[in-house]
Structures are given as structure tokens and as C-alpha cells.
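A.B. asks: According to the numbering used here, the sequence shown holds residues 240 to 672 in order. Even glycine gets a Cβ: it sits at the ideal position worked out from N, Cα and C. All of these numbers come straight from a predicted model, not from anything done at the bench.
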Amino acid sequence: MTFEQLGLSAPLLRAVNEKGYTEPSPIQVEAIPAVLAGRDIMAAAQTGTGKTAGFTLPILQLLHQGDEPHPHRIRVLILTPTRELAAQVADSVTTYGAHLPFKSAVVFGGVKINPQIAKLRQGVDILVATPGRLLDLHGQGEVDFRALEILVLDEADRMLDMGFIHDIRRILKLLPDRRQNLLFSATFANEIRALTRSILHDPVEVEVAPRNTTAERVEQWVYPVDKSKKTALLRELVIDHDWQQVLVFTRTKHGANRLAQSLEKAGINAAAIHGNKSQGARTRALEGFKGGSVRVLVATDIAARGLDIAQLPQVVNFDLPNVPEDYVHRIGRTGRAGSSGKAYSLVSADEIKQLNDIQQVIQRYITREYISGFEPDHEVPANAPLRKPGQPRQGQRRPGGGNNSRGGAQTARGRGSEGHKRPRRRRSGARAK
Ligand code: AMP
240 MTFEQLGLSA
250 PLLRAVNEKG
260 YTEPSPIQVE
270 AIPAVLAGRD
280 IMAAAQTGTG
290 KTAGFTLPIL
300 QLLHQGDEPH
310 PHRIRVLILT
320 PTRELAAQVA
330 DSVTTYGAHL
340 PFKSAVVFGG
350 VKINPQIAKL
360 RQGVDILVAT
370 PGRLLDLHGQ
380 GEVDFRALEI
390 LVLDEADRML
400 DMGFIHDIRR
410 ILKLLPDRRQ
420 NLLFSATFAN
430 EIRALTRSIL
440 HDPVEVEVAP
450 RNTTAERVEQ
460 WVYPVDKSKK
470 TALLRELVID
480 HDWQQVLVFT
490 RTKHGANRLA
500 QSLEKAGINA
510 AAIHGNKSQG
520 ARTRALEGFK
530 GGSVRVLVAT
540 DIAARGLDIA
550 QLPQVVNFDL
560 PNVPEDYVHR
570 IGRTGRAGSS
580 GKAYSLVSAD
590 EIKQLNDIQQ
600 VIQRYITREY
610 ISGFEPDHEV
620 PANAPLRKPG
630 QPRQGQRRPG
640 GGNNSRGGAQ
650 TARGRGSEGH
660 KRPRRRRSGA
670 RAK
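So, in C-alpha cells, the structure goes:
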């Protein structure tokens, strides 16, 4: 299946091509035609499945086929539970809409409202919003839903978990009855089913294999970065996020030592733990880490296996493991009961094979985010398409060929869709902003 076969128009195919996607993901194969046909959809899909493109691409196409927008009148409303997700989705809208004339905006709480009002007053076709701020803006008369055609509820289960049900119901009352509704949720528990019944009309149900693995409890990011800048990026992350206890994985013992030393030099208490360290040194490092005197514990995969430490709020992969299953073990170190852990991977261009292998094992794409000041000179090539477990790669059976042959031709020229921090030259002429 190709994006062309899904019926997307040339400006969208161009944007997809610039992102380096070679094939639609399963959710995209199912969702895109249904949205284009004007149907409501109810999709069980988590982050990492490519769901954002699954709704953004066909929405852009529907808008393109439709009437001209009226200033101030919103034609598409995308509701998300968190500002982070709102920013990511808005960034995808900008990326996929780069060759179309639509304007988009994102509004969420916790930041000044006036710039958001100014943006809305310029006229917006696609609005991405968190519920509370949207209601504030509506209360101030700054949003007009009369021209609304499509509503998306992204991560609906999380919205309910976060107590947004009343806000959602209030928002629904403000929208025209005749509209297309797209609802995405990781799960379809009873509460969600009740909500869907009241919102969706004869929905197409879309589901990509639910998998209850560790990898799903953990929020994961890839930070593309040149190899030579990884240490500096890690330093910045530790300081910026004020991480007090972070487990960092390296592939080699030597790498672990070097990293711990350079963090120490930068005034961040760190210790390395690996097979060449004496038992005494290991115990000291571990005790220091547990007791809070060691802020960063740098470990190799083997050393980390035996570590008796409680679940941590976050782990960092300083480099990706060669064995993809080790990635799953690594990130399994984070995520406390009831709250999701976070795993950040610093990935350089030469690690695309490891990244693709990991994505294949966990059956999801990991969101890429670019950290300002650390944008790589050598871009990490685009993701290889995900295959169902056990399915061989197409036509890539050359002896010793690996799967890197896709990398060269399809190098991502754009950033990850979520790379909102990255200044983009290519985007400067684009109107979708
Ligand atoms: P999402 O599930 O929408 O959060 O997407 C997760 C990641 O998958 C994002 O970084 C996307 O850029 C990437 N992605 C989405 N669709 C595709 C595709 N067809 N091929 C490769 N990567 C994709």
C-alpha cells in the first residue's frame, strides 16, 4: 500500500515524501480512506502508531476540496488532553500542510492568552486546543464554531482520566450538529464507549493490534543529535529538567566511563557501573545513586540487569543498544505504577538501523523531537515502515544488505513532526502555520 493509493492529493504526497515516509502505517491505511469518505471514526490507537498523520492528512485533503475559509471561523477543531500533545499535533498540521494554504493555531493553558487571541483574530482553519483554554477563549468571544466541519478528540481516554469530561460536554454543545467526528483512544473502556455513543454517528471502527507491553506504559522520545554533541545534550537535559536521579545507558564500558567523567567535570555527580568495575565500586555507585549523592548513574546493559533500584521517573539511552530487546529492558526501568515513565534516546544518524530494529520490536514509531541548539548536521534517516511481527522486509534480502539500503534515498529532509523547537528554513515560505 502506498500513500498515492490511499487517494491523497499531490501537496500532501509531497509533504509525506519530505518526511521520508515510504509506506503508510496500519492505522493510516485504515483511517485515511474512512476520513476521506466523510465517515466518523472510532480508532483504538496509541501514540507511536502514526495516528496523527492518520487524521491530519485526510483532514487537510477534505479542507482542500471544500469551500474557502471565513476568517475567524474554525473548520477543524482538534482537542487534546495536554499541551505537549497539542503542540505536537499542531506541528504535524504545519508539517503535513506545508504545501497547502491553510492556517492553523494551537491554544493551551499555562501561557499568556493574548498572543493566542491575536492569532485567532487573523483567521484560523484548524485549531488545536486543550479543553480549558478553549472554553476561556470561547467565553471571551474569540472563537466562532459556526463553520466547524470536523471535530477530533485525540487521546480521549486520557481526557477522561484527567477529568475533562464536563469541559468536553460543554464544548460539544457549542459545535454545529452536522459535523464529522474522529475519536482516538488508547483503550475503549466502558466510559469511552458511552462518550462515543453520544458523539459518533455510525462510526467506522479502526483498530491496530493492541499490545500491552512495557513499551506502552512509557512515553518515549528520540532526540536526533550528532554523535559529537551527545554529551553536551545530556548535560543540558539533566540541568534543564532538573533531573535528580537519572539512569543513563551506554553501549560500551569505555563509553560509560568517559561519560561519567565528563559529567563530573561539568559539576554533575555521576558514576559508571559496568562489568569491569569491582564489586565494591559498583556497590558504592549504586548506594550513592539510591541515596541521592550520585545524580546520574551510567550503566551498560549487562550491569543494569542486576541492579536493584526502584522504578525511576526517566531513563536516557545515550546510545541505542545493538539488541533491540535490550531497549525494552532499559525503558522498563522507568514508569511507576499509575504514572507513565519517560525514556529519551539520543540518536545519531549512524544509529538508524538500531532505531528501526527497536521500532519493529516495539511495533511503534518513536516520536522525534529536536532540541534547540542540538539540531544534527547529519539528519537521522527516516523510519523504515513497520512490519507486522514475523513479516519479512520487502525486497531487502540481499546478502549482508541489512535494511540500511532504504536510508540513503529516503533520508528525512524534514524534522520529526514533533520537532517544534527546531527552526526550519524550508517552512519559511509556507503559509500553514
Ligand atoms: P504518532 O503516533 O502520530 O505520534 O506518530 C509517531 C511517530 O511516527 C512520529 O514521529 C511520526 O513522524 C512517525 N510516523 C508517522 N507516520 C509514519 C509513516 N507512515 N512512516 C514512518 N514514520 C511515521
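1. Name the one or two DSSP bridge partners that Arg-521 has.
2. Identify the residues that DSSP records as bridge partners of Thr-539: which are they?
3. Kindly indicate the opening and closing residues of the alpha helix (DSSP H) around Met-398.
4. Express the C-alpha separation of Thr-295 and Val-335 in angstroms, rounding to a whole number.
5. Start and end of the beta strand (DSSP E) containing Phe-423?
6. Can you list, in chain order, the residues of its chain with a C-beta nearer than 8 Å to that of Leu-559? Leave out the 5 residues immediately preceding and following it.
7. Please look up how many angstroms separate the CB atoms of Pro-265 and Val-447, rounded, as I've assumed it's under 8 Å.
8. Could you tell me how far apart the beta carbons of Leu-302 and Asp-364 are, in whole angstroms, since I believe they sit closer than 8 Å?
9. Of the residues Val-315, Ala-326, Asp-400 and Met-281, which one's Cα is nearest the Cα of Thr-606?
10. In terms of residues, what are the limits of the alpha helix (DSSP H) holding Asn-515?
11. Any heavy atom of the ligand AMP inside 8 Å of the beta-carbon of Thr-241?
12. Helix, strand or coil: how does DSSP classify Tyr-260 here?
13. Helix, strand or coil: how does DSSP classify Val-328 here?
14. Does the separation of the CB atoms of Pro-250 and Leu-318 fall below 9 Å?
15. Does the beta-carbon of Arg-436 have 16 or more other beta-carbons within 10 angstroms, so that it is buried, or is it exposed?
16. Answer yes or no: do Arg-569 and Asn-556 have a C-beta to C-beta separation smaller than 9 Å?
17. Answer with buried or exposed for Asp-396, where buried requires no fewer than 16 other C-beta atoms within 10 angstroms of its C-beta.
18. In whole angstroms, give me the CA-to-CA distance for Val-554 and Arg-360.
19. What is the rounded straight-line gap between the Cα of Ser-644 and the Cα of Gly-514?
20. Less than 6 Å between C-beta atoms, sequence neighbours within five positions excluded: which residues of the same chain meet that for His-440?
21. Could you tell me whether the segment 507-522 touches the segment 533-548, using the rule of 3 or more Cβ pairs below 8 Å?
22. Exposed or buried, Val-457, counting other C-beta atoms within 10 Å across all chains shown (16 or more means buried)?
23. Can you check whether the CB of Ala-368 is closer than 9 Å to the CB of Val-332?
24. How many Å lie between Arg-474 and Val-274 at the Cα?
25. Using the C-alpha atoms, what's the distance from Ser-611 back to Gly-277?
26. Mind checking whether the beta-carbon of Asn-429 lies closer than 8 Å to any heavy atom of the ligand AMP?
27. What distance in whole Å lies between the Cβ atoms of Gly-580 and Leu-546, which are believed to be in contact at a cut-off of 8 Å?
28. According to DSSP, simplified to helix, strand and coil, what is Ile-280?
29. Can you tell me whether Tyr-609 sits near the ligand AMP, meaning its C-beta is under 8 Å from at least one heavy atom of the ligand?
30. Would the C-beta of Pro-263 count as close to the ligand AMP, meaning under 8 Å from any of its heavy atoms?
31. Answer with buried or exposed for Lys-258, where buried requires no fewer than 16 other C-beta atoms within 10 angstroms of its C-beta.
32. Compare the beta carbon distance of Phe-613 and Leu-472 with 9 Å and say whether it is the shorter of the two.
33. Could you tell me whether the Cβ atoms of Glu-269 and Pro-624 are closer together than 9 Å?
34. The alpha helix (DSSP H) with Lys-358 in it runs from where to where?
35. Opposite Thr-319 in the DSSP bridges: which residues?
36. Using only CA atoms, which one of Arg-521, Ala-549 and Val-562 lies nearest to Ala-542?
C.D. replies: Taking the geometry as given:
1. Locating residue 521 in the sequence shown gives position 282, counting from the first residue. Answer is none; Arg-521 lacks a bridge partner.
2. As a working mapping, residue 539 is identified with position 300 in the sequence shown. Paired residue(s): Thr-489.
3. Position 159 of the sequence shown holds residue 398. Segment 395-400, the alpha helix (DSSP H) holding Met-398.
4. By one-based count along the sequence shown, residue 335 stands at place 96. By one-based count along the sequence shown, residue 295 stands at place 56. Per the sequence shown, the amino acid found at residue 335 is Tyr instead of Val. So the alpha carbons of these two residues sit roughly 7 Å apart.
5. Residue 423 sits at position 184 when you count from the first residue of the sequence shown. Per DSSP, Phe-423 belongs to the beta strand (DSSP E) from 419-424.
6. For this step, residue 559 is matched to residue 320 along the sequence shown. Taken in chain order, the residues that qualify are Arg-490, Tyr-566, Ser-584, Val-586, Glu-590, Gln-593, Leu-594 and Ile-597.
7. Residue numbering aside, residue 265 sits at position 26 when the sequence shown is read from its first letter. Residue numbering aside, residue 447 sits at position 208 when the sequence shown is read from its first letter. The pair is a contact, with the Cβ atoms about 5 Å apart (cut-off 8 Å).
8. Within the sequence shown, residue 302 is the residue found at index 63, counting from 1. Within the sequence shown, residue 364 is the residue found at index 125, counting from 1. Correct: roughly 6 Å between the Cβ atoms.
9. Working through the sequence shown from its first residue, we reach residue 606 at position 367. Closest by alpha carbon: Ala-326.
10. The residue you call residue 515 lines up with position 276 of the sequence shown. Looking at the DSSP string, Asn-515 is not in any alpha helix (DSSP H), and its letter there is neither H nor E.
11. Here residue 241 is taken as the residue at index 2 of the sequence shown, counted from 1. No, the ligand AMP has no heavy atom inside 8 Å of this Cβ.
12. Counting from 1 along the sequence shown, the entry for residue 260 is found at position 21. If DSSP states are grouped into helix, strand and coil, Tyr-260 belongs with coil.
13. Looking up residue 328 in the sequence shown gives position 89. Val-328: helix per DSSP, three-state reduction.
14. Counting from one through the sequence shown, the residue named residue 250 turns up at place 11. Counting from one through the sequence shown, the residue named residue 318 turns up at place 79. No, the Cβ-Cβ distance between Pro-250 and Leu-318 is not below 9 Å.
15. Indexing the sequence shown from 1 puts residue 436 at position 197. So Arg-436 ends up on the exposed side.
16. Position 330 of the sequence shown, counting from 1, holds the residue named residue 569. Position 317 of the sequence shown, counting from 1, holds the residue named residue 556. Their beta carbons are under 9 Å apart, which means Arg-569 touches Asn-556 by this criterion.
17. Counting from 1 along the sequence shown, the entry for residue 396 is found at position 157. With 16 or more Cβ atoms within 10 Å of its Cβ, Asp-396 is classed as buried.
18. Position 315 of the sequence shown, counted from the first residue, corresponds to residue 554. Position 121 of the sequence shown, counted from the first residue, corresponds to residue 360. If you take the alpha carbons of Val-554 and Arg-360, they lie about 42 Å apart.
19. The sequence position of residue 644 within the sequence shown is 405, counting from 1. The sequence position of residue 514 within the sequence shown is 275, counting from 1. Unreliable placement is indicated for Ser-644, whose pLDDT of 34 sits below 50; no coordinate value is reported for it.
20. Stepping through the sequence shown from its first residue, residue 440 is reached at position 201. The answer, listed in chain order, is Asp-279.
21. yes
22. Translated into positions along the sequence shown, residue 457 becomes position 218. Per the 10 Å Cβ criterion, buried.
23. By 1-based counting over the sequence shown, the position of residue 332 is 93. By 1-based counting over the sequence shown, the position of residue 368 is 129. No, these two residues do not count as a Cβ contact at 9 Å.
24. Residue 474 sits at position 235 when you count from the first residue of the sequence shown. Residue 274 sits at position 35 when you count from the first residue of the sequence shown. When rounded, the distance between both Cα atoms is 44 Å.
25. Within the sequence shown, numbered from 1, the residue matching residue 277 stands at position 38. Within the sequence shown, numbered from 1, the residue matching residue 611 stands at position 372. About 39 Å.
26. One-based indexing of the sequence shown puts residue 429 at position 190. No, since every heavy atom of the ligand AMP falls outside the 8 Å radius drawn around the Cβ of Asn-429.
27. By one-based count along the sequence shown, residue 546 stands at place 307. By one-based count along the sequence shown, residue 580 stands at place 341. About 15 Å separates the two Cβ atoms, so there is no contact after all.
28. Position 41 of the sequence shown, counted from the first residue, corresponds to residue 280. Ile-280 falls in the strand class under three-state DSSP.
29. Along the sequence shown, read from residue 1 onward, the residue named residue 609 stands at position 370. False, no ligand heavy atom lies under 8 Å from that Cβ.
30. Position 24 of the sequence shown, counted from the start, is the residue given in the question as residue 263. Pro-263: yes, Cβ under 8 Å from the ligand AMP.
31. Indexing the sequence shown from 1 puts residue 258 at position 19. By the neighbour-count rule (16 or more Cβ atoms within 10 Å), Lys-258 is buried.
32. Locating residue 613 in the sequence shown gives position 374, counting from the first residue. Locating residue 472 in the sequence shown gives position 233, counting from the first residue. In this structure, Leu-472 lies closer than 9 Å to Phe-613 by Cβ.
33. In the sequence shown, residue 269 corresponds to position 30, counting from 1. In the sequence shown, residue 624 corresponds to position 385, counting from 1. Not a contact, by the Cβ cut-off of 9 Å.
34. Reading the sequence shown from its first residue, position 119 is the one you call residue 358. Its alpha helix (DSSP H) spans residues 353-360.
35. Counting from 1 along the sequence shown, the entry for residue 319 is found at position 80. None, per the DSSP bridge assignment.
36. In the sequence shown, residue 542 corresponds to position 303, counting from 1. Checked all of Arg-521, Ala-549 and Val-562; the closest Cα to Ala-542 is Arg-521.
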